[in-house]
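Numbering follows the numbering used here, in which position 309 of the sequence shown is assigned residue number 641; successive positions increment by one, without gaps.
Note that CB positions come from ideal geometry on N, CA and C, so glycine has one too.
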Amino acid sequence: MTETMANKATSIDTTDTTRILMCAPHHYDVDYVINPWMEGNIHRSSRDQAETQWQKLHDVLKEYAVIELIEPKPGWPDMVFTANAGLILGDRVVLSRFFHEERQGEEPHFQKWFEDNGYTVYVLPKGLPFEGAGDALFDRGGGWLWAGYGFRSELDSHPYLAKWLDVEVLSLHLVDSRFYHLDTCFCPLQGGYLLYYPGAFDAYSNRLIEMRVPADKRIAIDEVDAVNFACNTVNIDRTVVMNKATESLKQRLDELGFTVIETPLTEFLKAGGAAKCLTLKMSEPRSIETQTSTVQSRVIHLEGHLLDSGLVNRALDTIVSGGGSFQVLSFDLGKQRQDSSVAEVKVIAPDVTVMDDIMGQLIDLGAASLPREAQPAELEPVVQNGVAPDDFYVTTIYPTEVLIGDRWIKVKGQRMDGAIALSQTDSGPVASCKLLRDLEIGESVVVGSRGIHTIRELASLKSKKADEFSFMGAGVSSERRVELVVEQIAWDLRRIRDRGGKVVVTAGPVVIHTGGSEHLKQLIRGGYVHALLGGNAIAVHDIEQAMLGTSLGMDMKRGVSVHGGHRHHLKAINTVRRHGSIAKTVEAGELTSGVMYECVKNNVPFSLAGSIRDDGPLPDTKMDLIEAQADYARLVEGADLILMLSTMLHSIGVGNMTPSGVKMVCVDINPAVVTKLSDRGSVESTGVVTDVGLFLSLLVHQLSKLTGQYAPVDVLN
Ligand code: ARG
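Rendered as structure tokens:
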């Protein structure tokens, strides 16, 4: 206290003398757990040892700086960590607002000290956490402030810092809870150097650091040093004072001209702090250059069955994992189960690129700008055929509208992974979903994330309307649920057929290998399949099996390979080639059974897309893949349900060209494939992890039950 009193008149310092505020650990202890370091350490630190370690740090620092003291208060054990008192620049201080209740009682004590010592104290709005110099560090090269968020400080506090301290603020997203304060993993050093642990930050922040700090000034440390709090360093001129560092780090620092002083602070590590946390720098010998914050905020509007559909969770997760933060401004749940709910959420992002990224994803989830805030979509011209402007908005399967001028225009030809192209017609602007390769000079493309919204409500409403699709909700079924799912699919197939709807099947060769062709044949014959999509292989194996009884040389009845069987598929290909097409082979009476035969006989159109094997292809196979895609798209058009049977690439291709509202059932023995397809986030997609042959046999059996017949052949009519 005496030091404080003695220095009172000169305590506001703008000279080069370093002044530091510390607080003796007379009341220090680990009393609660508010960070991972404190776990298991409650009352495990020794007060005596803490006093000794703190005193030693104090004595070391006294050699290099003027130390001032604030009187410790009983009941506030973390008050020793003065870094968290506030953030000082010149005679201004932004007082901390602690995130955890456990530390909020320190605020008035620090505030009083700052006021008594002549500072102008800035107080953040209630409920907006910011933990002072623990989360905000001035760069020692440029004139800006690095500010952390993610655990303790709220991103939304950063614009206040920029305004009150007249400084550019660069926001860094902390993602590793062990490094919950910026000063635990980040330390700007004299001469523009930066000591930091990259693993504590997200990709965006690492990029930002690399953009601002040249490579030869970045001292990235390993986890060993990071967990010893090597970044929690007090740097005065060329001296760095820290708890502990590895030999290699000490050597690196030494080579750069820094003198490392280690002083053990193990007792404080138990509370998640070390040298830097125990100090608050009161003078910053630096020049201030700019005074901006790049922090962006926007308010979005979400409507629908927000809780039931998990939409709110997903939206908030999207914001946080995308590097932003949020504030829920309002949330109206509605009164009845069938009522939809409405939420307004403020989205905050460290800069415009991160904001656009987050907004893009939120739009995909169905979020919209507030009507009063909606801004027209941004457009950029196509300057090269087949190439979109850099920042183009990537479309989803959901119906989309764009705000052109003051009119919301519905986008035509909705599909995934396209761009929204705008062309002018006599009756006004027309927006359509286009593949990159189809973009033409003269069109404009929607870029960024303004003035775009997708309509998700219908889907979520539909799934809630009745329990009819209750196990058709997006999700991957485990084995024990397969039968239930099959019942549901059979029911759907039956109803779609009876009302004249359309079912498209994509199938891989595994369908034949697993003995599924018998069942697929029956589905085709029964009128349940209205288009078949696959590659060269499924047709070859099917025809080989029909003609020679083997699939890739395996006897399908006995399950053993047949002598000379490996030539069978070539013989099958050769026969079809002789006739010119699969249909002609059927006509000639040479192909008399199998899946392809049934397609020809029942007028079910099929499309075979490509082959990389050079032993074919069948004459029907389209080797021009762009043509094949167009053919697929034509056959998928108007589908009510797509049954995807063990073919990852053809299914993904089909999934992408299908708008929302089309049910998709993906069957594969590999859960990864199933997940990949259900990942498009559509409530209409169902994944079934099982053997496809088994699945088809269950399905056919179930369909026969629905028709009231149990005989195995021709029961499906
Ligand atoms: N136990 C304290 C907390 O969790 C430690 C604070 C460390 N301070 C710092 N600037 N990193 O808040």
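In the structure shown, what three-state DSSP assignment does residue i receive?
| i | result |
| --- | --- |
| residue 621 | The predicted position of residue 621 is uncertain, since its pLDDT is 49 and thus under 50; a value taken from the coordinates is nonetheless stated next. Three-state result, residue 621: coil. |
| residue 381 | helix |
| residue 438 | coil |
| residue 413 | coil |
| residue 1105 | Lying outside 333 to 1049, the shown extent of the chain, residue 1105 is not represented and no answer is given. |
| residue 369 | coil |
| residue 911 | helix |
| residue 481 | strand |
| residue 716 | strand |
| residue 498 | coil |
| residue 792 | Model confidence at residue 792 stands at a pLDDT of 42, short of 50, so the residue's coordinates are unreliable and nothing is read from them. |
| residue 351 | strand |
| residue 996 | strand |
| residue 889 | coil |
| residue 670 | coil |
| residue 965 | helix |
| residue 746 | coil |
| residue 544 | helix |
| residue 782 | coil |
| residue 688 | helix |
| residue 517 | coil |
| residue 505 | strand |
| residue 337 | Legend: pLDDT at residue 337 = 35, less than 50; position of this residue unreliable, value from coordinates given subsequently. Three-state result, residue 337: helix. |
| residue 300 | Beyond the ends of the chain as shown, which are 333 and 1049, falls residue 300; an answer cannot be given. |
Just mark residue i as buried or exposed, buried being the case when its beta carbon has 16 or more other beta carbons within 10 Å.
| i | result |
| --- | --- |
| residue 482 | buried |
| residue 613 | buried |
| residue 1055 | Nothing can be reported for residue 1055: it is not among the residues displayed for the chain, which extend from 333 to 1049. |
| residue 799 | Confidence at residue 799 is low in this model, with a pLDDT of 31, below 50, so its placement is unreliable and the value that follows should be read with caution. Result: exposed. |
| residue 600 | buried |
| residue 632 | buried |
| residue 824 | buried |
| residue 655 | buried |
| residue 1003 | exposed |
| residue 438 | buried |
| residue 858 | buried |
| residue 853 | buried |
| residue 930 | buried |
Quick check on this structure: which residue in the options has the alpha carbon closest to the alpha carbon of residue i?
| i | options | result |
| --- | --- | --- |
| residue 829 | 972, 903, 379 | 972 |
| residue 712 | 718, 838, 723 | 723 |
| residue 841 | 858, 390, 864, 726 | 864 |
| residue 585 | 597, 473, 572, 818 | 572 |
| residue 433 | 462, 727, 673, 916 | 462 |
| residue 996 | 1003, 1009, 1002, 1005 | 1009 |
| residue 611 | 515, 526, 594 | 515 |
| residue 944 | 938, 957, 435, 570 | 957 |
| residue 607 | 725, 699, 392, 696 | 392 |
| residue 451 | 478, 423, 440, 444 | 423 |
| residue 964 | 947, 983, 398 | 983 |
| residue 413 | 992, 359, 426, 698 | 359 |
| residue 669 | 644, 639, 651, 645 | 639 |
| residue 814 | 872, 366, 1034 | 1034 |
| residue 747 | 936, 968, 477, 1039 | 968 |
Taking Cβ to Cβ, would you say residue i is nearer than 8 angstroms to residue j?
| i | j | result |
| --- | --- | --- |
| residue 849 | residue 926 | yes |
| residue 504 | residue 472 | no |
| residue 876 | residue 900 | yes |
| residue 675 | residue 784 | no |
| residue 589 | residue 549 | no |
| residue 680 | residue 456 | no |
| residue 994 | residue 950 | no |
| residue 1062 | residue 657 | An answer regarding residue 1062 cannot be provided, because it is not within the stretch 333 to 1049 covered by the chain. |
| residue 861 | residue 892 | no |
| residue 778 | residue 752 | yes |
| residue 1005 | residue 980 | yes |
| residue 460 | residue 479 | no |
| residue 627 | residue 703 | no |
| residue 839 | residue 866 | yes |
Please check the pair residue i and residue j, which I expect to be a contact at CB under 8 angstroms, by giving their CB distance rounded to whole angstroms.
| i | j | result |
| --- | --- | --- |
| residue 377 | residue 667 | Wrong, their Cβ atoms sit about 52 angstroms apart, outside the cutoff. |
| residue 575 | residue 555 | The Cβ separation is near 15 angstroms, so there is no contact. |
| residue 553 | residue 581 | 6 angstroms |
| residue 513 | residue 501 | About 16 angstroms separates the two Cβ atoms, so there is no contact after all. |
| residue 351 | residue 400 | 6 angstroms |
| residue 834 | residue 970 | 5 angstroms |
Regarding residue i and the ligand COA, is the C-beta to nearest heavy atom distance less than 7 angstroms?
| i | result |
| --- | --- |
| residue 359 | By its list of ligands, the structure shown excludes the ligand COA, since it contains just the ligand ARG. |
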